[in-house]
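Student: Before we start, here is the structure in question, set down as structure tokens.
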Amino acid sequence: MSVISYSNNFIHNKNNTTTLSSLCFFVFLSLLLPSQFDAFSSSSSLMDPTRAFVKSVKRVIVKVGTAVVTRSDGRLALGRLGALCEQLKELNDKDYEVILVTSGAVGLGRQRLRYRRLVNSSFSDLQNPQGDLDGKACAAVGQSSLMALYDIMFSQLDVTSSQLLVNDGFFRDTAFRKQLSDTVSALLDLRIIPIFNENDAVSTRKASYEDSSGIFWDNDSLAGLLALELKADLLVLLSDVEGLYSGPPSDPKSKLIHTYVKEKHQSEITFGEKSTYGRGGMTAKVNAAVCAAFAGTPVIITSGFATDNIIRVLRGERIGTIFHKDAHLWTSIKEVSAHDMAVAARHSSRRLQLLNSEERRKILLAIADALENNEGSIRLENGADVADAEEIGYDRALISRLTLRPEKISSLVKSVRLLANMEEPIGQILKRTELADKLVLEKISCPLGVLLVIFESRPDALVQIAALAIRSGNGLLLKGGKEAKRSNAILHKVITSAIPDTVGATLIGLVTSREEIPDLLKLDDTIDLVVPRGSNKLVSQIKDATKIPVLGHADGICHVYVDKSANIDMAKQIIRDAKADYPAACNAMETLLVHEDLSRNGGLVELVAELQREGVKVYGGPRASALLNIAGTKSYHLEYSSLACTVEIVDDVFAAIDHIHQHGSAHTECIVAEDCEVAEAFLRQVDSAAVFHNASTRFCDGARFGLGAEVGISTSRIHARGPVGVEGLLTNRWILRGSGHVVNGDRGITYTHKNLPIKA
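Mapped onto full-length UniProt numbering, the consecutive letters of the sequence shown carry residue numbers 1 to 760.
In structure tokens form, the structure reads like this:
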């Protein structure tokens, strides 16, 4: 078969309109593999780019480049190579058919030959300029060394590897291609990992992208060719960056492209300089990926610097950039990116701030009316979510949080109207100071900017947060749990329909895909605050994944301490409410601490019996479980979020305080006591966001505090603490009014620093 040369550029950029060679790899492969080419043009059902197709992957080719194999000083990156081998061993053990295409032979050979030349050189030789080493010689020396290293590493993992050196000219031979396929199949049947590399030592190609006689130009295009020739289900190209960016990865404005859509991205991408290692760079990877993907083999470009990215790809995680012939079906070319959504929310928030107080008030009242008028539709969609949750088998606590009962909707409407009628929070003068004669400084309240709120299974939270954002003049991005997707969608639609066009519905954006969260968490230049509402795991993951300030709490481990001076009837009433009123709430009691005297006079037994009558499963600490003969708790640091709690006996109020500081989450604590001195000691010394005397922990709530609603409860000590209402979503700025004042080294100015009356 003759090689067909065809000038067609798959990738264009702003600086170079012919970034790829005149050889059309895609056309060549379409002639080699007509059946797979036919598959490219056929339609297929809509698939999830990060999940659906990886479930059926059996044969995977991994290509590792020189920039991954070697360090910046040219030496081998043994740690990355070890992690690569361990991942391939894991895939091999899980019955994947694994093929490796590796670069690095030339670099390794050059390192060895430089050392050899150094030790064989005289002092006078070293004074003279050293010529470049022959690349073919470097390849010949490095190839055996590279394969020896792979053999040693795989042998340590009880895996057998094999070497296959190929030249581009071989693929013109039909018999060779058939033998190649048979040999690889035989190796894979024996659970042997084939390792491919181009035989650079004897290659006749003049230079990358300059010689149109070759079938492939580098190991990236070799990997693409092998993926189709060997009928791989997936090709993973490991790079020194996370994937394909819209511009040079070093440019802060560049964005990671998760799904490559030719029609959208071909004209948008600007490539930076090629890596100083190897021949290919990102241009070669994208070319190979486009060719392979459009001919039927999905491709993912991701970082080879991470120790587990191959495993994560095959788990369906959204990392790197995916190329797929059906990518245009997965995502709209005109879709709004996470960054664009955040920018739009900021622009809308600025328009919102231009409105006067009465105009903003009318928006909230319109939202309240819309919620009332659409209660039927809201409950219908919520009912579908609840039914799905019950069918899946979610626990009762989650279903309780998910359900929007009529009284909950009525409460939401009431809270929105309460917020509407609150005093105007924006632009309030907090302090006025005369710095000098006719030079007045004002400290005024203003919105934070754009909020990102991530919450789980609480559709009512969407309404509260949206209302607070509007009242405080902030833009808002919302990401709710998948279990409440219908409820969140209808609530978002109802709320945004009530926002006038002068502000824009983009004020409140609803993020529908979990895969967009990592992108959002990187937008520290656009998003000003992240508020996670959910499990300990959710909050911890978000804190670890972003530079944006995070406001929230990881746990709601609330305590009630019943002192020896407590009125037992009052104590029973308080602990019953704190635990059983709404067990799934973060302000529900999780641990009951009881003064030791009550364990001797029957008070402890009464308290436990009261909880058990409410259906509460009681677990004991060491002292309580031994005395009451109940099951012991696994941990004091445990948020049950259900009808269960821990009970323990303590020596006195100070022991209770120590217990709370050691095992609590700084959320909400309560003391039940008639002794005022004991109560005051508890209130002063317990370092939690909310501390109560003779009142249920369930009062720790924005609406009950008169805040109208809450965006969440913060256990942080910076900016806001406890239930966070409108005030917690504001910051301040300084306005200085002068009459031509200048500093001039502070000459000719007399500072007065006089406090002035605050006026509206």
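Yeah, the Cβ is synthetic: ideal placement off N, Cα and C, and Gly gets one too. As the structure is a prediction and not an experimental result, all values here were calculated from the model.
Do the CB positions of Ser-696 and Cys-670 come within less than 9 Å of each other?
Tutor: Along the sequence shown, one-based indexing puts residue 696 at 696. Along the sequence shown, one-based indexing puts residue 670 at 670. Judged by their CB atoms, Ser-696 and Cys-670 are nearer to each other than the 9 Å cut-off.
Student: If you draw a straight line from the C-alpha of Trp-330 to the C-alpha of Phe-692, how long is it?
Tutor: Locating residue 330 in the sequence shown gives position 330, counting from the first residue. Locating residue 692 in the sequence shown gives position 692, counting from the first residue. When rounded, the distance between both Cα atoms is 52 Å.
Student: Helix, strand or coil, according to DSSP, for His-328 in the structure here?
Tutor: Your numbering for residue 328 matches position 328 in the sequence shown. In the three-state reduction of the DSSP assignment, His-328 falls in the helix class.
Student: Looking only at its chain, what residues have a beta carbon closer than 7 Å to the beta carbon of Asp-151, apart from the 5 residues adjacent to it on each side?
Tutor: For the purposes of this step, residue 151 is taken as the residue at position 151 of the sequence shown. Taken in chain order, the residues that qualify are Ser-161.
Student: Is the distance from the Cβ of Val-69 to the Cβ of Leu-100 below 9 Å?
Tutor: In the sequence shown, the residue the question calls residue 69 occupies position 69. In the sequence shown, the residue the question calls residue 100 occupies position 100. No. Outside cutoff.
Student: Alpha carbons only, please: which of Ile-195, Thr-526, Leu-507 is nearest the one belonging to Cys-104?
Tutor: The residue labelled residue 104 in the question sits at position 104 within the sequence shown. It should be pointed out that residue 104 corresponds to Gly in this sequence rather than to Cys. Checking every option, the nearest Cα to that of Gly-104 belongs to Ile-195.
Student: With a threshold of 16 other CB atoms inside 10 Å of the CB of Gln-662, please say whether the residue is buried or exposed.
Tutor: As a first step, residue 662 is located in the sequence shown; it is residue number 662 there, counting from the start. Counting C-beta atoms within 10 angstroms of its own C-beta, Gln-662 has fewer than 16 neighbours from the protein chains shown and is therefore classed as exposed.
Student: Do Ser-716 and Leu-538 come within 9 Å of each other at the CB atom, strictly closer than that value?
Tutor: Taking the first residue of the sequence shown as position 1, residue 538 is located at position 538. Taking the first residue of the sequence shown as position 1, residue 716 is located at position 716. No, they are not a contact pair.
Student: Restricting to runs no shorter than 4 residues, where is the alpha helix (DSSP H) found entirely within the region 549-575?
Tutor: none
Student: Under the assumption that Ala-397 contacts Pro-583 (Cβ atoms under 8 Å), give the Cβ distance between them as a whole number of angstroms.
Tutor: In the sequence shown, the residue the question calls residue 397 occupies position 397. In the sequence shown, the residue the question calls residue 583 occupies position 583. So it is a contact: roughly 7 Å between Cβ atoms.
Student: Give the DSSP-derived three-state secondary structure of Arg-471 in the structure shown.
Tutor: Residue 471 sits at position 471 when you count from the first residue of the sequence shown. Three-state result, Arg-471: helix.
Student: How many Å lie between Gly-393 and Lys-617 at the Cα?
Tutor: The residue you call residue 393 lines up with position 393 of the sequence shown. The residue you call residue 617 lines up with position 617 of the sequence shown. So the two alpha carbons sit approximately 21 Å from each other.
Student: Which residues in the same chain as Glu-381 place their Cβ atom closer than 8 Å to its Cβ, once the five residues preceding and following it in sequence are excluded?
Tutor: Here residue 381 corresponds to residue number 381 of the sequence shown, with the count starting at 1. Excluding positions up to five away in sequence, the list reads Arg-486, Ser-487, Ala-489, Ile-490.
Student: From what residue to what residue does the beta strand (DSSP E) around Phe-196 run?
Tutor: On the sequence shown, residue 196 is found 196 positions in, with the first residue counted as 1. Taken as a continuous stretch (DSSP letters only), the beta strand (DSSP E) holding Phe-196 covers 193-198.
Student: What residue from Gly-320, Ala-293, Gly-296 has the CA that sits closest to Ser-303's CA?
Tutor: The residue you call residue 303 lines up with position 303 of the sequence shown. Minimum Cα distance to Ser-303 is reached at Gly-320.
Student: Below 8 Å, how does it come out for the region 184-195 and the region 235-245: are there three or more Cβ pairs, yes or no?
Tutor: no
Student: Which word fits residue 766, buried or exposed, when buried means at least 16 other C-beta atoms lie within 10 angstroms of its C-beta?
Tutor: Residue 766 lies beyond the stretch modelled for the chain, which goes from 1 to 760, so this question has no answer here.
Student: Could you please give me the residues that DSSP links to Phe-323 through a beta bridge?
Tutor: The residue you call residue 323 lines up with position 323 of the sequence shown. Phe-323 is bridged to Tyr-260, Val-299.
Student: Is it buried or exposed for Thr-633, if we count other Cβ within 10 angstroms and need 16 for buried?
Tutor: Start at 1 with the first residue of the sequence shown, and residue 633 comes out as number 633. So Thr-633 ends up on the buried side.
Student: Of the residues Arg-361, Leu-607, Thr-307, His-637, which one's Cα is nearest the Cα of Glu-423?
Tutor: In the sequence shown, the residue the question calls residue 423 occupies position 423. Nearest C-alpha to Glu-423: Arg-361.
Student: If you drop the 5 nearest sequence neighbours on each side, which residues of the same chain put their C-beta closer than 6 Å to that of Ala-690?
Tutor: By one-based count along the sequence shown, residue 690 stands at place 690. Thr-668, Cys-700, Gly-722, listed in sequence order.
Student: Classify Ser-21: buried if its beta carbon has 16 or more other beta carbons within 10 angstroms, exposed otherwise.
Tutor: In the sequence shown, counting from the first residue as 1, residue 21 sits at position 21. Any reading at Ser-21 is ruled out, since the residue's pLDDT is 33, under 50, leaving its predicted position unreliable.
Student: Residues bridged to Phe-682 by DSSP?
Tutor: Locating residue 682 in the sequence shown gives position 682, where the first residue counts as 1. Note: Phe-682 sits in no beta bridge, so no partner.
Student: Do the region 737-744 and the region 450-468 make contact, defined as three or more Cβ pairs closer than 8 Å?
Tutor: no
Student: When DSSP labels each residue in this structure, what does Pro-248 get in the three-state scheme?
Tutor: Here residue 248 corresponds to residue number 248 of the sequence shown, with the count starting at 1. In the structure shown, Pro-248 sits in coil (DSSP, three-state: anything other than H, G, I, E or B).
Student: Spell out the partners DSSP gives Glu-97 in its beta bridges.
Tutor: By 1-based counting over the sequence shown, the position of residue 97 is 97. Partner(s): Arg-59.
Student: Going by CA-CA distance only, name the one from Pro-447, Gln-428, Thr-502 that's closest to Leu-355.
Tutor: Residue mapping note: residue 355 aligns to position 355 of the sequence shown, counting from 1. Per the Cα distances, Thr-502.
Student: Write down every uninterrupted run of the beta strand (DSSP E) in the region 582-620 whose length is 3 residues or greater and which is fully enclosed by it, in chain order.
Tutor: 589-595, 617-620
Student: Nearest to Gly-473 by alpha carbon, out of Leu-352, Pro-406, Ala-673, Lys-482?
Tutor: Numbered from 1 along the sequence shown, position 473 holds the residue referred to as residue 473. The shortest C-alpha separation from Gly-473 is found at Leu-352.
Student: List, from N- to C-terminal side, the beta strand (DSSP E) runs of 3 residues or more that fit wholly inside the region 444-499.
Tutor: The qualifying runs are 450-455, 475-479.
Student: Looking at the secondary structure, which residues open and close the alpha helix (DSSP H) in which Pro-406 lies?
Tutor: For the purposes of this step, residue 406 is taken as residue 406 along the sequence shown, with counting starting at 1. Taken as a continuous stretch (DSSP letters only), the alpha helix (DSSP H) holding Pro-406 covers 406-420.
Student: Decide if Pro-532 is buried, meaning its Cβ has at least 16 other Cβ atoms within 10 Å, or exposed.
Tutor: Within the sequence shown, residue 532 is the residue found at index 532, counting from 1. Looking at its Cβ environment, which holds 16 or more other Cβ atoms inside 10 Å, Pro-532 is buried.
Student: Taking contact to mean 3 or more Cβ pairs, one atom from each stretch, closer than 8 Å, check whether the region 425-440 and the region 507-518 are in contact.
Tutor: no
Student: For Phe-699, list the residues DSSP reports as bridge partners.
Tutor: Counted from its first residue, the sequence shown places residue 699 at position 699. DSSP, once it has assigned bridges, lists no residue as partnering Phe-699.
Student: Between which residues of its own chain and Val-413 is the CB-CB distance below 6 Å, once the five residues before and five after are set aside?
Tutor: As a working mapping, residue 413 is identified with position 413 in the sequence shown. For Val-413, the CB contacts under 6 Å within the same chain, skipping 5 residues up- and downstream, are Ala-368, Leu-371, Glu-372 in chain order.
Student: Please classify residue 762 as buried or exposed, where buried requires at least 16 neighbouring CB atoms within 10 angstroms.
Tutor: With the chain represented from 1 up to 760, any question about residue 762 goes unanswered, as that position is not in the structure.
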